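What follows is a short report on a single structure.
Protein chains: 2
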Amino acid sequence: MRDDVRTANEAYAPSFGDRGSLALPPARRFTILTCMDARLDPAGYAERSEGDAQVIRIAGGRAGDDAVHSLVISCKLLGTAEWFVVHHTDCGTEERMAFFADEGIRDLLANSLETAALGPDGFHDVGTGPGSTEARSVDRLTIADLAQRVLEDVTRIRSHPLVPTRIPIDGDRYDVTDGRLIEAEDATEPGASS
Amino acid sequence: MRDDVRTANEAYAPSFGDRGSLALPPARRFTILTCMDARLDPAGYAERSEGDAQVIRIAGGRAGDDAVHSLVISCKLLGTAEWFVVHHTDCGTEERMAFFADEGIRDLLANSLETAALGPDGFHDVGTGPGSTEARSVDRLTIADLAQRVLEDVTRIRSHPLVPTRIPIDGDRYDVTDGRLIEAEDATEPGASS
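Right under this line is the structure:
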C-alpha cells in the first residue's frame, strides 16, 4: 500500500494550487464528528468547499472521550461554533456488532483476541475478558438503532463537563446509498440536556 | 451553519452516482490516522480513488486509546492490512500548544476552563486542575517536533497489546503548504518495537 499512497500523493500535490494558503481555522467554523468508514466523504456531503470544517472521524462516529476532547479543542483553540454528529447506514462497526448482545460481543471480541494471540496472525497475548478495558470499550458500539445512537451521542456530548452549553450540537443520519443527510430532529436543541 | 450544511448536501447528493454501490470494506485495505484540521483532505492526498481507505481523524492525529481501538476495529472487522499515521505542519492543536511546556498547558487549559465556567461563554464549572482526567488528556498534544511525534505515535500503536504485530504501520508528515507527504523512515519497520 505504501506505493499506492505515494502514487496518490504524487498525483495530488502538483495540482495543490492555492490550497496552501488556506487559513488554519476552518472557514465556516463548524466541526463534524463522523465515522471512519471508507465510503464517507464529509468534505463532499456537508461542506460547501474544502476547508470549511474540522472533521473528527472514529469508529461509528461515536462520542468517546478522545472525540469529545477533540470537539472541545476545536472550539477552544480554533473557534468552531457549531458541531454536527453524523452516523450512517450500513455501518460496519455498528451493524455487524448489532447482531450480538453486549455480553455476546464482549465474549466474542475477547475470545477472538485471545485465540488470535495463540494463532498465526501476530496478536499479543493479553487478558481481555469481560470487564477489562478492551471489553468495556466496545459496549458503546452495539446499539442498533441509528437515530437513537445519534441522539445518545449528542446527549453525551451535551452533558460532558468540558462542553460549552451555548454550542449547538446537531445530529444527522447519512445514507450511504444516496449521499443524503437526514436531520435527527430530537438532537438539535442547544442545551437540551444540560 | 445548519443551512450551509443542508445546502452543501443538496448539491452533493444528486450527483452521488454509483458511489452508493461502494463495498463496505475499504477498496485498498488501508487505514489512515490523521488530524481533524480543516485543510486536510486525506482522500485527496493519500487515496487513488474514493473509498480506498478508512480514515480516522482526531486532534493532532494522535494515537489515543479511542484512535487505537478504531485502528484495531478497522483491521479485525473490516480487514485493513496496513496503517498510516500522518501528522502535519502548522498543526493548531500541536503548534499553538507547543509554545508551552506540559505543566504550563495543563494550567492554561485548566484555568481557561475554570475561568470560562465563571464567564459568559457557557462552560460548566468543573474541577480541571493538574492531575485531573481533562488535564492529563492534553499531555500528549504538546510535543513540538513533528517527526518525533509521528515516531512516538507509531511506537505507541506498535506496542499496544491489541495491535497485531504483523501489520505494517507507516509514519508520514504532511505539508499543508504544498500537499506533499514525507515518509518518516524511522517509523516504517513492521514490528520494530514489539
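Going down the list, the protein sequences come from chains A and B. Per this note's numbering, numbering of the first sequence is gapless, rising by one per residue and ending at 198. Per this note's numbering, numbering of the second sequence is gapless, rising by one per residue and ending at 198. Using N, Cα and C, we set each Cβ at its ideal position, and we do this for glycine too. Predicted, not measured: the structure shown is a model, and the values here were computed from it.
Look at residue i and residue j and say whether their C-beta atoms are less than 8 angstroms apart.
i: A:Pro30; j: A:Leu82; result: yes
i: A:Phe88; j: A:Ala50; result: yes
i: B:Leu44; j: B:Ala67; result: no
i: A:Ala85; j: A:Ile171; result: yes
i: A:Asp70; j: B:Asp70; result: yes
i: B:Gly183; j: A:Ala188; result: no
Would you call residue i buried or exposed, if buried means 16 or more other Cβ atoms sit within 10 Å of its Cβ?
i: B:Thr11; result: exposed
i: B:Asp41; result: buried
i: B:Ala27; result: exposed
i: B:Thr181; result: exposed
i: B:Ser19; result: exposed
i: A:Ala15; result: exposed
i: B:Asp149; result: exposed
i: B:Gly24; result: exposed
i: A:Gly48; result: buried
i: B:Asp22; result: exposed
Report, in whole angstroms, the separation of the C-beta atoms of residue i and residue j, which I expect to be a contact under 8 angstroms.
i: A:Val59; j: B:Arg61; result: 5 angstroms
i: A:His91; j: A:Gly55; result: Not confirmed; about 24 angstroms, so no contact.
Examine chain B for any beta-carbon lying closer than 8 angstroms to the beta-carbon of residue i, and answer yes or no.
i: A:Val59; result: yes
i: A:Ile77; result: yes
i: A:Ala151; result: no
i: A:Leu155; result: no
i: A:Asp11; result: In the sequence on display, residue 11 of chain A carries Thr and not Asp. It does: the Cβ of A:Thr11 has a partner Cβ on chain B nearer than 8 angstroms.
i: A:Ser141; result: Any reading at A:Ser141 is ruled out, since the residue's pLDDT is 41, under 50, leaving its predicted position unreliable.
i: A:Ile62; result: yes
i: A:Gly65; result: no
i: A:Ala188; result: no
i: A:Ala102; result: Because the pLDDT of A:Ala102 is 46, which lies under 50, any placement of that residue in the model is unreliable, and the question is left without a value.
Would residue i count as contacting chain A if we go by Cβ distances under 8 angstroms?
i: B:Val180; result: yes
i: B:Gly55; result: yes
i: B:Glu51; result: yes
i: B:Asp7; result: no
i: B:Ala47; result: yes
i: B:His73; result: yes
i: B:Ala42; result: yes
i: B:Gly175; result: no
i: B:Asp22; result: no
i: B:Arg160; result: no
Could you compute how far the alpha carbon of residue i sits from the alpha carbon of residue j?
i: B:Asp174; j: B:Leu75; result: 13 angstroms
i: B:Gln152; j: A:Ser78; result: 23 angstroms
i: A:Leu185; j: A:Arg177; result: 6 angstroms
i: A:Cys95; j: B:Asp179; result: 32 angstroms
i: A:Cys39; j: B:Phe34; result: 15 angstroms
i: A:Asp157; j: A:Lys80; result: 20 angstroms
i: A:Ser163; j: B:Met5; result: 22 angstroms
i: B:Ser53; j: B:Ile161; result: 26 angstroms
i: B:Thr169; j: B:Leu155; result: 16 angstroms
i: B:Val167; j: B:Asn13; result: 37 angstroms
i: A:Pro165; j: A:Thr159; result: 12 angstroms
i: A:Glu107; j: B:Thr93; result: With a pLDDT of 47 at A:Glu107, under the threshold of 50, the modelled position of that residue is not reliable, and the figure given next carries that caveat. Each residue's Cα considered, the two are about 43 angstroms apart.
i: B:Arg32; j: A:Arg32; result: 32 angstroms
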